[in-house]
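> Handing you a structure now.
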Amino acid sequence: MTSLDTFASRDTLTVDGRDYEIYRLQAVPGLERLPYSLKVLAENLLRTEDGANVTAAHIQALADWDPQAEPDTEIQFTPARVVMQDFTGVPCIVDLATMREAVAELGGDPQAINPLAPAEMVIDHSVQIDSFGLSSSLETNKEREYERNAERYQFLRWGQGALNGFRVVPPGTGIVHQVNIEYLARTVFTREVQRTTAQGEQLVTQAYPDTCVGTDSHTTMVNGLGVLGWGVGGIEAEAAMLGQPVSMLIPRVVGFRLTGEIPAGATATDVVLTITQMLRQHGVVGKFVEFYGQGVSAVPLANRATIGNMSPEFGSTAAIFPIDEVTLDYLRLTGRSEESVRLVEEYTKAQGLWHDPDKEPVFSEYLELDLSTVVPSIAGPKRPQDRIELSRSQEAFAQALPGYAAETSRSTPVTLADGTRTELDHGHVVIASITSCTNTSNPSVMVAAGLLARNAVAKGLKSKPWVKTSTAPGSQVVTDYYEKAGLWPALNELGFNLVGYGCATCIGNSGPLPAEVSAAVNEADLAVVSVLSGNRNFEGRINPDVKMNYLASPPLVIAYALAGTMDFDFARQPLGQDQEGRDVFLADIWPDPAQVQAVIDATIDREMYTRDYADVFAGDERWRGLDTPQGDVFAWDEDSTYVRKAPFFEGLTMELTPVSDITGARVLALLGDSVTTDHISPAGAIKPDSPAGRYLAEHGVERKDFNSYGSRRGNHEVMIRGTFANIRLRNRLLDGVEGGYTRNLLTGQQETIFDASRAYAAAGVPLLVLGGKEYGSGSSRDWAAKGTALLGVKAVVAESFERIHRSNLIGMGVVPLQFPAGHSASSLGLDGTETYSVTGLTALNAGTTPATVKVTATKADGGVVEFDAVVRIDTPGEADYFRNGGILQYVLRNLVRGSR
Numbered sequence: 059m060t061s062l063d064t065f066a067s068r069d070t071l072t073v074d075g076r077d078y079e080i081y082r083l084q085a086v087p088g089l090e091r092l093p094y095s096l097k098v099l100a101e102n103l104l105r106t107e108d109g110a111n112v113t114a115a116h117i118q119a120l121a122d123w124d125p126q127a128e129p130d131t132e133i134q135f136t137p138a139r140v141v142m143q144d145f146t147g148v149p150c151i152v153d154l155a156t157m158r159e160a161v162a163e164l165g166g167d168p169q170a171i172n173p174l175a176p177a178e179m180v181i182d183h184s185v186q187i188d189s190f191g192l193s194s195s196l197e198t199n200k201e202r203e204y205e206r207n208a209e210r211y212q213f214l215r216w217g218q219g220a221l222n223g224f225r226v227v228p229p230g231t232g233i234v235h236q237v238n239i240e241y242l243a244r245t246v247f248t249r250e251v252q253r254t255t256a257q258g259e260q261l262v263t264q265a266y267p268d269t270c271v272g273t274d275s276h277t278t279m280v281n282g283l284g285v286l287g288w289g290v291g292g293i294e295a296e297a298a299m300l301g302q303p304v305s306m307l308i309p310r311v312v313g314f315r316l317t318g319e320i321p322a323g324a325t326a327t328d329v330v331l332t333i334t335q336m337l338r339q340h341g342v343v344g345k346f347v348e349f350y351g352q353g354v355s356a357v358p359l360a361n362r363a364t365i366g367n368m369s370p371e372f373g374s375t376a377a378i379f380p381i382d383e384v385t386l387d388y389l390r391l392t393g394r395s396e397e398s399v400r401l402v403e404e405y406t407k408a409q410g411l412w413h414d415p416d417k418e419p420v421f422s423e424y425l426e427l428d429l430s431t432v433v434p435s436i437a438g439p440k441r442p443q444d445r446i447e448l449s450r451s452q453e454a455f456a457q458a459l460p461g462y463a464a465e466t467s468r469s470t471p472v473t474l475a476d477g478t479r480t481e482l483d484h485g486h487v488v489i490a491s492i493t494s495c496t497n498t499s500n501p502s503v504m505v506a507a508g509l510l511a512r513n514a515v516a517k518g519l520k521s522k523p524w525v526k527t528s529t530a531p532g533s534q535v536v537t538d539y540y541e542k543a544g545l546w547p548a549l550n551e552l553g554f555n556l557v558g559y560g561c562a563t564c565i566g567n568s569g570p571l572p573a574e575v576s577a578a579v580n581e582a583d584l585a586v587v588s589v590l591s592g593n594r595n596f597e598g599r600i601n602p603d604v605k606m607n608y609l610a611s612p613p614l615v616i617a618y619a620l621a622g623t624m625d626f627d628f629a630r631q632p633l634g635q636d637q638e639g640r641d642v643f644l645a646d647i648w649p650d651p652a653q654v655q656a657v658i659d660a661t662i663d664r665e666m667y668t669r670d671y672a673d674v675f676a677g678d679e680r681w682r683g684l685d686t687p688q689g690d691v692f693a694w695d696e697d698s699t700y701v702r703k704a705p706f707f708e709g710l711t712m713e714l715t716p717v718s719d720i721t722g723a724r725v726l727a728l729l730g731d732s733v734t735t736d737h738i739s740p741a742g743a744i745k746p747d748s749p750a751g752r753y754l755a756e757h758g759v760e761r762k763d764f765n766s767y768g769s770r771r772g773n774h775e776v777m778i779r780g781t782f783a784n785i786r787l788r789n790r791l792l793d794g795v796e797g798g799y800t801r802n803l804l805t806g807q808q809e810t811i812f813d814a815s816r817a818y819a820a821a822g823v824p825l826l827v828l829g830g831k832e833y834g835s836g837s838s839r840d841w842a843a844k845g846t847a848l849l850g851v852k853a854v855v856a857e858s859f860e861r862i863h864r865s866n867l868i869g870m871g872v873v874p875l876q877f878p879a880g881h882s883a884s885s886l887g888l889d890g891t892e893t894y895s896v897t898g899l900t901a902l903n904a905g906t907t908p909a910t911v912k913v914t915a916t917k918a919d920g921g922v923v924e925f926d927a928v929v930r931i932d933t934p935g936e937a938d939y940f941r942n943g944g945i946l947q948y949v950l951r952n953l954v955r956g957s958r
């Protein structure tokens, strides 16, 4: 523990007779004017000052912060904890297990590999909706989940036992971000630290703001609780677990004032879709967003969490609300101890972190939204920022349809499993799912959905028979208040039965469509639709049969199940007829906000939370009954197709391999704008005729047991074969072809990207990827970077990068390069068939990072295109990682030196 305290900020805070060591912000003039989020960073630096990673100059830079300046000061942020979900968390634990072996091989102590910051994983990404619309669906889906994932779960149970400081919330509990705000988040963190006093060595209790990084971009949901945290790649999360600070630039902070109140008919979902559109248009990539002003106190905590959750959709690093009475009330409601709530109040008031609505901090930029102007909205058909007012949703669908379908109508007869004869057409809603932490954590929209369902059933309405309906809440508390309010019967009547506790449809685990629906969709090439209360609707994400995806509030999800199509005007078209034959419109069944609030007040109480989280790490009998491996080093099963030893440390020595320039490189993929990590990272179902499907078949796995890419993230052999394999990827090296294909420039033939990469590797040819704007936006997917590196890609050249993916590429030893301002592959006359060299990278060996490097593209006819690409290694810390071949190699070498 460092003892540096240049500004004499270390002090004692006494709360209810107990002393806490704190680092007072008032000790440094200038910090008092900062926004809430930067005050949290300032405290972090005061507490971790060591004269090397964190210096007095870093702290002074925050005190002197110029809100209008472009970020240029690097700081080292040390999060209090790391939170993970199982898709991205399993590779983290695989890497830690592999690092234990590598440390031993390099002469170090394997026990040096343990999380040094508390690491908590919630298993929430593995449940798939195989069964739906039945009272037995929950148990059926849970049973299938364990059948598919037993190997992974055994491995995680080993990690929970072998790795100190690592805890697992078992399957069937909830969604990581909802569990985070309802239980895991401390808001003010405490820990015991050793101090030398006049009486000798003593343990003192230190108090400081709870902060976290997470292996899911929606970690920002905890921002609603006043906790500064954001999503990082699994690579960065592993480093944070192992004591490495997160390198970052002091950001610009956008102040967002909220005024007014949400009008009747609009919901928190509509608010967040409006804010998403506003902030994406404003431009907040790499910035903090902070909500302030008189209106903040009128925003319920659940709404704050909903807004914070969507930060990745705006593009901001964080979207935070300060701490106030609303925060304390939520902490009490969710079962936090009165002692901890008192500490939160006293600590934040003592540190100037308590929200004062009359005091306006200094911000870099300012925005404002009058909540009374929010109208019912949806977003789609492929991006969360593409908001559409519900009143013009039919018109917007008609405008979007030609991009997905060759004809405006292609009505196709289909006979459903129960004998019902009907027709499917473009725009028919085949999936309607209440899912994702974004909305299922918010009682206002969940209760509204339940009441709308009850009103619909009372009027005799039914969901259309071709719609796959489901409810996947973010925690068991939702089930509790649905039961207490008597809302389940109506939801079940409409087919919105409980199918599991997890991300489900939002993460792409929607499960297969009914066979007869899927067959009709594919035979007629129908552009059908999913409507979900999630946060992500990127192409190919939800279901391989579904081309168009729309985000909507939970009550609107049900409304679209009743309508059965996007080609629908809720104001003019009835959803059906009541028992007397009268038309029933959406307005007739939409619940009154006062009724929604009355149900919330009457049903949700503290006891629900204390009961559901009383023994949250124990799990059910399935979890406890798993056969769990023992030992400090994991015993790898060579026959496993789920968990395999990571390849990243093979042949690693303590000496660095010098950075070299790139020569003779070819382009693996030429991509356009807004290529997301969903396009890059393996996700969704594994197709039998794909490289990953062939690999599994060759290893004796039956097609029915292929499972999803997400469930097999612990096996690099599967994941590398699924990188750049999204069914909607458009590689411009090919004409009119979608999916994971490229032109092998050695032969001129079309091949899968994986097969072509192996041919290039055999020929000793390094690879590049050329991209457009916002390359790598989307979830914090470590495998988007890991897979890129394992395919042999040495550099990605794009017009601009999203924050997390750029950092992850560096963390895997891939250099992110940016086209000169105003230029692109197209403007430079590049078609991707050229042979490339990149010179100037070797300057990194001298400890400096070049601002630009020269890229030379030689065409087949001998013509040459040259340009200076911007090196997007933005901080000295990132340069260190790159010189080491990646962040994990950097950490491993340091740990070996420390354990010898």
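Numbering (my numbering), first residue to last: 59 to 958.
Even glycine gets a Cβ: it sits at the ideal position worked out from N, Cα and C.
What first and last residue would you give for the beta strand (DSSP E) that runs through Trp694?
Trp694 -> no beta strand (DSSP E), and no H or E assigned at all.
> Report all residues from its chain with a CB closer than 6 Å to the CB of Ala617; omit the five preceding and five following residues, and keep chain order.
So the list reads Leu644, once near-sequence residues are dropped.
> Assuming Leu283 contacts Glu178 under a Cβ cut-off of 8 Å, what Cβ separation, rounded to an integer in Å, is found between them?
Leu283 to Glu178, Cβ: 15 Å. No contact.
> Between the Cα of Gly921 and those of Asn942, Pro908 and Thr891, spot the shortest distance and give me the residue it belongs to.
If we check each option's Cα against that of Gly921, Thr891 comes out closest.
> To the nearest angstrom, how far is the alpha carbon of Pro687 from that of Pro370?
Taking the straight line from one Cα to the other gives about 37 Å.
> Could you say which of Leu848, Gly869 and Phe421 lies nearest to Pro705 if we only look at CA atoms?
Answer by Cα proximity: Leu848.
> Identify, in the order they occur along the chain, each residue of the same chain with its Cβ nearer than 8 Å to the Cβ of Ala843, setting aside the five sequence neighbours on each side.
If we look at Ala843 and ignore the five residues flanking it on each side, its Cβ neighbours are Gly291, Ile293, His863, Asn866, Leu867, Gly869, Met870 and Val872.
> On the criterion of 16 or more Cβ atoms from any shown chain inside 10 Å, does Asn607 qualify as buried, or is it exposed?
That one is buried.
> What number of angstroms, rounded off, separates the C-alpha of Ala853 from the C-alpha of Leu875?
About 7 Å.
> Locate the beta strand (DSSP E) running through Val674, then write down its first and last residues.
Neither: Val674 is in no beta strand (DSSP E) and is coded neither H nor E.
> Apart from the five residues on each side of it in sequence, which residues of its chain come closer than 6 Å, Cβ to Cβ, to Pro137?
For Pro137, where only same-chain residues beyond five positions count, the Cβ hits under 6 Å are Thr269, Cys270, Val271 and Ala298.
> Starting from Thr893, follow the beta strand (DSSP E) in both directions and report where the run begins and ends.
Start and end: Thr893 to Thr897.
> Below 6 Å CB to CB, which residues in the same chain sit around Gly944 once its five sequence neighbours on both sides are set aside?
The answer, listed in chain order, is Gly869, Met870 and Gly871.
> Could you pull the start and end residues of the beta strand (DSSP E) that Ala490 belongs to?
Element bounds for Ala490: Val487 to Ile492.
> Pull up the DSSP beta-bridge partners for Phe247, would you.
DSSP output for Phe247 lists Tyr266 as bridge partner(s).
> Using a Cβ-Cβ cutoff of less than 6 Å, which residues in the same chain neighbour Gly836 once the five nearest sequence positions on both sides are dropped?
If we look at Gly836 and ignore the five residues flanking it on each side, its Cβ neighbours are Thr734, Thr735 and Asp736.
> Going by alpha carbons, who is nearest to Pro716 out of Phe707, Leu902 and Asp646?
Pro716 has its Cα closest to that of Leu902, out of Phe707, Leu902 and Asp646.
> For Met59, I'd like the list of residues in its chain whose CB is within less than 7 Å of its CB, leaving aside the five on either flank, ordered along the chain.
Low confidence applies here, because Met59 scores a pLDDT of 43, under 50, leaving its location unreliable; read the following figure in that light. Correct list, in chain order: Val251 and Gln252.
> May I ask you to report which of helix, strand or coil DSSP gives Ser957?
Note: Ser957 maps to helix in three-state DSSP.
> Let me check understanding here. Comparing Cα to Cα, which of Gly75, Thr900 and Ser732 lies closest to Leu401?
Minimum Cα distance to Leu401 is reached at Gly75.
> Is the Cβ-Cβ distance between Ser435 and Leu331 less than 8 Å?
Contact flag set, yes.
> Identify the continuous beta strand (DSSP E) that holds Phe224 and give its terminal residues.
First-last of the beta strand (DSSP E) with Phe224: Phe224 to Val227.
> Going by the CB atoms, is the gap between Gly553 and Thr527 shorter than 8 Å?
Yes, they are a contact pair.
> With DSSP collapsed to three states, give me the class of Ile282.
Just to set this straight, residue 282 is Gly in the shown sequence, not Ile. Helix.
> What does the Cβ neighbour count give for Phe675, buried or exposed, with the cut at 16 atoms within 10 Å?
The residue is exposed, with fewer than 16 neighbouring Cβ atoms inside 10 Å.
> Are the CB atoms of Arg790 and Leu886 within a distance shorter than 8 Å?
Contact flag unset, no.
> Any idea if Asp673 is buried or exposed, counting beta-carbon neighbours within 10 angstroms, 16 or more meaning buried?
Per the 10 Å Cβ criterion, exposed.
> Taking only runs that begin and end inside the stretch 423–473, name each unbroken alpha helix (DSSP H) of 4 or more residues, in chain order.
Those alpha helix (DSSP H) runs which fall completely within the stretch 423–473 and span 4+ residues are 451–458.
> Using CA coordinates, which residue listed in Tyr94, Ala514 and Phe224 is at the minimum distance from Gly313?
Ranking the options by Cα distance to Gly313, first place goes to Tyr94.
> For Asp328, which residues in the same chain have their Cβ closer than 8 Å to its Cβ, ignoring the five residues on either side in sequence?
Same-chain partners within the cutoff: Ile320, Val432, Val433, Pro434, Ser435 and Ser611.
> Express the C-alpha separation of Ile239 and Met666 in angstroms, rounding to a whole number.
One C-alpha to the other measures close to 15 Å.
> Measuring CA to CA, which of Val575, Asp695, Met368 and Thr907 is closest to Thr470?
The shortest C-alpha separation from Thr470 is found at Val575.
> Suppose the cutoff is 8 Å on Cβ atoms and the five residues either side in sequence are ignored; what does the same chain contact list for Arg225 look like?
Correct list, in chain order: Pro176, Ala177, Glu178, Met179, Gln218 and Phe675.
> Using only alpha-carbon positions, find the residue among Val823, Pro878, Ala578 and Pro523 that is nearest to Asp476.
When only C-alpha atoms are compared, the closest one is Pro523.
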